[in-house]
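Chains as they are written, first to last, in my numbering: chain H, 12 to 127; chain D, 25 to 137.
For each residue, glycine too, the CB sits at the ideal point set by N, CA and C.
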C-alpha cells in the first residue's frame, strides 16, 4: 500500500523567507502522481502543484516549486518569498497508477505559520 | 464561482439519528469522492464514484453509504452516527486521469450530540 510521510508537524517562518516542506512517499507502483494542497482554517483544500512520476523536470507554479527526487522518494514543496497569507496546513498527497480515478492518499500535514 | 458545493457547512445531529450530507458540482467531472477528516488528521478516503460505478474503501464502515443520482450530485448518508463520526466531511471531484487534481468543496463539519 502507498504511504505519505510528512515529518514536520509545525513550522514557524519569517515573512519573505523561503520555506521547504518535506514529503517522502512509498509505493511499488511505477506510475504515480504527487500533489500538494493547502488547507486554510476555513477548511477548503486548495490545489497547489502536481508532479508526475515520469516527469523529468521539477514542477513549478508561481511561488511554488516541487523538489522531486525520485531515487530518494521525496517530493518537497518550496515556497519562495513567503507571505502572511501562506499560513495554513499543507498536505502532500499521492495517487497511484491505474485509471487515474483512485482517490488521494494524504500525509498528516504540516502546519505552517508565517510571522511578520 | 464555487465549483464544488457542499451543504450544509455545519451540521449537528443526534447520536443514532440518520443524517445526509450533500455535494454538487458544476465541473461535469466523472469522479466524485467523499473524505472524512478528523481534527488535526489527514483526510481519509471513504469511497468514490466513477460515473455510476461505486468504489468503497475496504475499511469504510457499513454505517456510511453514498448515492449519486446524476453527474452533478452526490450524497453521503450516515445511518446511525456515533460520537466518533464527528468530523469534517470533504467532497471532491476530478476528471479521473492520473495527472489531474481533485477539486474540493468547503466541507461539512458534522457534530454528533
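Contact with chain D is absent for residue 23(H), since none of that chain's Cβ atoms lies less than 8 angstroms from the residue's Cβ. In this structure residue 30(D) is in contact with residue 132(D), their Cβ atoms being roughly 5 angstroms apart against a cut-off of 8 angstroms. At a cut-off of 8 angstroms between C-beta atoms, residue 94(D) does not count as an interface residue with respect to chain H. Close CB contacts of residue 30(H) within its chain, under the 6 angstroms cut and outside five residues either way in sequence, are with 24, 90 and 93 (chain order). Residue 128(D) belongs to the set of residues whose beta carbon lies under 8 angstroms from a beta carbon in chain H. The CB of residue 55(D) comes closer than 8 angstroms to the CB of 112 in chain H, given here in chain order. In this model, residue 82(D) and residue 53(D) are separated by some 24 angstroms (Cα to Cα).
Taking 8 angstroms as the CB threshold, residue 55(H) lines the interface with chain D. Taking 8 angstroms as the upper bound for CB-CB distance, residue 15(H) and residue 114(H) are not in contact here, some 13 angstroms apart. Per DSSP, the continuous beta strand (DSSP E) segment holding residue 16(H) begins and ends at 14-16.
Looking at the backbone, the Cα of residue 121(H) and that of residue 43(D) are separated by about 32 angstroms. Here the stretch 63-73 of chain H does not lie against the stretch 32-41 of chain D, with fewer than 3 beta-carbon pairs under 8 angstroms apart.
Of the candidates 19(H), 77(H), 18(H) and 27(H), 27(H) places its Cα closest to the Cα of residue 125(H).
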